[in-house]
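Under the numbering used here, the first residue of the sequence shown is numbered 42, with each subsequent residue one higher. Remarks on the structure that follows.
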Amino acid sequence: MARHPVLHAIGTFLLLTSAVTAPAQAGDRATASSAAAPGCPGEPWMDRRLPAAQRTAQLLPRMTLDEKASMTASLYDDRYARETLPIDRLCIPALRLNNGPAGVGSGGPVQPQTTALPAPLGLAATFDGAMARAYGEVLGRETRDTGRNLMEGPAVDIARVPLNGRTFEGYGEDPYLSGRIVTGAVKGIQAQGVIAEPKHYVANSQETDRNTIDERIDERTLRQIYLRPYEMSVKQGRTGAIMCAKNLVNGAHACEHKDLLQGVLKDEWGFDGLVVSDFNSCYDTVRCAEGGLDFELPVGKYFGAKLKAAVEAGQVSAANLDDHVRRILTTMFRFGIFDRPQETRPIDVERDGAVARRVAEDATVLLKNDDRVLPLRKGRSVALIGPSSRTAVIGGGGSVGVAPIYQVNALDAVKRRGMRVTHAQGMPPVELGPQPAIPTYALRSEDGRPGLTARYYKNPTWTGEPALTRVDPWIAIDPSGGPPHVPGFPPDGWSIRWTGTLTAPADGDYTLHLTNYRSASLYLDGAKLIENAGSFPSATKSVTVRLTAGQRHTFQVDWTKPGGQAMISVAWTPPPGLADPQIAEAARAARAADTAVVFAANKDTEGRDRPGLGLPGHQDELIEAVARANPRTVVVLNTGGPVLMPWAGKVAAIVQAWYPGQEHGNAAASVLLGERDPSGRLPITFPRSLADTPANTPEQYPGVNGVALFSEGLRVGYRHFDAKGIEPLFPFGHGLSYTTFRLSRLKVPSDRVSMDQVSVDVANTGHRRGSQVVQIYVGGADGHDAAAPPRRLAGFAKISLAPGERRRVTVELDERAFAHWDVDAHAWIVPSGTYTVSAGTSSRNLPLTVKVHR
């Protein structure tokens with residue numbers, strides 16, 4: 042689909058998001074219009090005026106054992122995926138799930154094209170619950186528009202380890218911030234009549250050994266850090282579902298953990314929805330059924346027919362099965378799934394694209410801005426450098442992938458704003474492989490142009506005439522769906538063949554890497570050197586060849602995408618010491634421009650953790666070379682989490698823009714040129730080194746002998762840095778503005794009843810409108826809590842002020858602001874004593890502090 046014009050007025054955004062018409066946040070009564078099959082209207086459970094629980098009570102006794110069992114597991118084959126079959130006899134519709142914490146991803150055999158939102162970590166950086174709700178509304182609307190009714194998300198895994206390959210899918214390192222954002226997102230999703238499913242319950246903190254690792258966590262840490270966001274999603278968001286994780290927790294698999302699923306989630310918190318397994322995370326029918334699992338993904342390996350057999354054998358009680366089915370049916374009634382057609386509808390591209398853009402803008406964090414090099418001045422010359430300057434960074438890899446309806450890159454967006462722009466590639470794009478793609482200068486197409494001849498076929502077998510033939514500069518296709526920049530190409534059922542020549546710039550050994558998901562093959566001089574079936578989310582196969590400088594070799598890569606998600610990257614590791622001519626070209630472009638902007642990126646993914654915190658490839662060298670050429674160098678980071686910045690002191694400005702989704706270019710341009718204030722704040726600490734982070738021993742991460750010890754306890758993220766007195770590169774909550782602010786007159790009511798509200802004056806002391814996030818931190822009672830970190834986030838509020846404007850801001854504190862979990866009482870307690878309440882703009886910038894007694 043061609044790139045669509047995007048709405049960019051704030052007023053339009055507010056109008057569109059406020060004009061949504063959908064079922065109200067779920068209660069006990071369905072609100073959608075009836076869509077019952079013939080013969081159903083007379084049945085009592087089809088009366089939508091009745092409460093959901095009463096309708097279930099009418100329906101459940103009419104079901105056979107086979108029908109009940111069929112409701113407990115998904116189908117997954119070439120016709121069905123993530124869904125149950127409808128039971129027409131009783132007018133029970135299909136429960137149809139889809140993935141998508143960052144946009145509606147794969148649900149059925151064909152992946153739809155939908156709005157690619159910024160990564161959830163970027164959403165957390167907005168520090169804005171209303172924005173989280175708008176984000177959730179897009180997820181919910183498009184889930185319904187694609188014919189689905191349960192969204193597998195949001196993900197609320199606490200960022201314990203910065204190397205975690207899925208850090209970008211969660212909301213950062215703080216449980217209260219995560220809880221606020223997930224609550225907003227859940228309410229937004231469910232306002233559309235779609236069931237939300239926060240995941241992965243609980244303590245899913247690494248991809249390494251994710252199916253087998255046993256996370257050993259003490260009770261207090263589990264309650265205060267890892268369970269807290271889920272508790273808020275249940276009690277404040279009223280989520281309809283929860284997904285249990287692949288890992289073990291204190292010796293038991295998360296999806297059969299009776300204490301956590303039945304005891305904490307269902308009994309203590311009163312969760313009345315359904316628990317869904319992560320893919321292949323149930324290992325025993327009886328233990329899962331009795332432990333609290335209600336629904337198995339992706340197929341009924343242990344539920345479905347196996348659960349029926351267990352009931353017939355007396356291993357699982359009929360009452361247990363009834364409870365699982367009751368939860369599923371009641372949740373479906375609650376969200377109106379019985380009462381409306383389950384059909385597809387056109388997506389409102391402009392409305393949802395406007396939300397994607399606004400989130401991407403508000404997620405942008407200005408980390409550094411020496412000499413006010415930003416915002417860029419219109420009419421001046423700027424060199425845009427780096428592969429992600431002309432290719433939109435949609436998102437990370439794995440099941441989170443989205444096939445975007447359109448995508449906007451930064452180069453095009455900046456050009457449209459009247460800037461004098463030059464561009465230098467700097468290096469090939471970084472995808473999911475171990476190295477950047479083979480550079481364009483080493484490739485020649487069949488007609489001698491830089492790159493490779495690419496033939497795109499609208500079938501998965503390279504047969505017939507290609508639908509499109511062009512020259513691609515390299516082979517690197519993002520996992521977010523179809524071929525990039527191919528308007529009108531189908532998202533599934535296609536194949537590509539790249540042909541041309543490969544020429545080495547110097548003699549030596551070159552290792553060729555083929556990284557892909559879906560089948561691919563690589564040929565050199567007619568010989569098949571690599572064949573890679575491409576397991577999920579991607580797999581790399583490599584071969585080392587001896588090449589002679591200047592000698593041309595015929596080169597061919599075949600890749601097929603029959604359906605679902607896919608990605609491919611063809612890279613090389615050249616001999617040591619080989620200088621990249623693209624870096625020198627980038628430095629020349631930087632030297633000739635008033636300002637140089639380097640876009641640097643990584644590609645985190647489900648299925649594997651990062652090998653380190655450095656930027657992949659030669660991006661550090663590229664940034665250093667550009668900074669030497671132009672002191673007015675800006676670095677824009679599109680990463681899934683913290684990265685090391687050995688060049689931080691040599692550049693003028695640093696912008697953290699996360700994975701910004703399909704509106705990458707428009708959001709980058711509007712912030713860089715000052716059309717929008719960079720109002721994002723860090724939801725995760727950026728360390729100076731990996732050794733500075735909390736889980737920095739093998740016993741803590743990735744674990745020894747299958748066990749990971751959470752021995753850091755409560756000291757996760759900024760709590761660790763504060764407790765140890767370690768100076769981070771950039772602290773949690775940090776973010777600059779294009780204006781300046783002053784906080785004053787912090788007040789905490791003295792009476793305990795009103796102590797959950799803190800007020801502070803905020804003044805815009807600069808010359809531009811801007812936004813500030815007022816952050817409130819609470820320190821524990823004196824002498825009562827040696828295990829606790831010095832302070833924790835207890836509240837925040839985002840405010841936009843005109844130049845010279847001053848406003849009194851009231852911040853609602855977390856209901857647990859002064860509490861901790863007592864392991865003897867197994868309850869939350871508030872010890873009497875003196876607490877500190879501090880206000881500021883990051884965990885390390887707290888100019889106002891008062892003491893309060895409780």
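For glycine and all other residues, C-beta sits at the position ideal for the given N, C-alpha and C.
For residue 315, the closest of 239, 791, 410, 483 by C-alpha to C-alpha distance is 239. Buried is the label assigned to residue 275, since at least 16 other Cβ atoms lie within 10 Å of its Cβ. The DSSP assignment places 216–231 as complete runs of the alpha helix (DSSP H) inside the segment 206–233, in order along the chain (cut-off: 4 residues). Secondary structure of residue 802 (DSSP, three-state): strand.
The criterion of a C-beta distance shorter than 8 Å is satisfied by residue 212 and residue 223. Counting only the Cα atoms, residue 436 lies some 27 Å from residue 494. The DSSP-derived three-state label of residue 286 is coil. When secondary structure is reduced to three states using DSSP, residue 441 falls in the coil class, being assigned neither helix nor strand. Residue state for residue 507 is assigned as coil, using DSSP reduced to three classes. Judged by DSSP secondary structure, residue 256 falls outside any alpha helix (DSSP H) and instead within the beta strand (DSSP E) spanning 255–257. In this structure, residue 115 and residue 337 form a Cβ contact; the two beta carbons are roughly 7 Å apart against a cut-off of 8 Å. For residue 751, there is no enclosing alpha helix (DSSP H), as DSSP marks it with neither H nor E.
Each residue's CA atom was taken as its position, placing residue 610 and residue 408 some 31 Å apart. Judged by pairs of C-beta atoms under 8 Å, the segment 414–421 touches the segment 711–731, as three or more such pairs exist. In terms of Cα proximity to residue 602, the closest of 560, 589, 569, 594 is 560. Around the beta carbon of residue 746, fewer than 16 other beta carbons lie within 10 angstroms, which makes this residue exposed. Following the DSSP letters along the chain, one finds residue 363 inside the alpha helix (DSSP H) bounded by residues 359–375. The three-state reading of DSSP puts residue 642 in strand, counting E and B together. Residue 607 carries a strand assignment under DSSP once its states are collapsed to helix, strand and coil.
If you look at residue 402, you'll find it in the alpha helix (DSSP H) that goes 390–404. Between residue 359 and residue 299, the alpha-carbon positions lie close to 18 Å from each other.
By the C-beta criterion, the segment 805–824 is judged to be in contact with the segment 776–789, since at least 3 inter-stretch pairs fall below 8 Å.
Taken atom to atom, the span from the alpha-carbon of residue 291 to that of residue 255 is near 6 Å. Counting only runs of at least 4 residues, the segment 92–159 fully encloses the following alpha helix (DSSP H) elements, listed from N- to C-terminal order: 93–100, 106–111. As the crow flies, the alpha-carbon of residue 246 is around 25 Å from that of residue 342. For the pair residue 557 and residue 600, the CB atoms are nearer than the 8 Å cut-off. In the DSSP annotation of this structure, residue 347 is not part of any beta strand (DSSP E); the continuous alpha helix (DSSP H) holding it starts and ends at 346–353.
Contact holds between the segment 682–692 and the segment 723–731, because three or more Cβ pairs, one in each stretch, are under 8 Å apart. Of all alpha-carbon atoms in 184, 89, 295, 171, the one lying nearest the alpha-carbon of residue 156 is that of 184.
In the DSSP assignment, residue 176 falls within the alpha helix (DSSP H) that extends over 170–186. For residue 361 and residue 348, the gap between their C-alpha atoms comes out near 10 Å. Here residue 838 is not near residue 819, since their CB atoms are 8 Å or more apart. The beta-bridge partner set that DSSP reports for residue 407 consists of 696, 777. When 478, 513, 479, 536 are compared, the shortest CA-CA separation from residue 502 is found for 536.
Within the DSSP bridge table, the entry for residue 738 names no partner. One Cα belongs to residue 431, the other to residue 465, and the distance between them is close to 10 Å.
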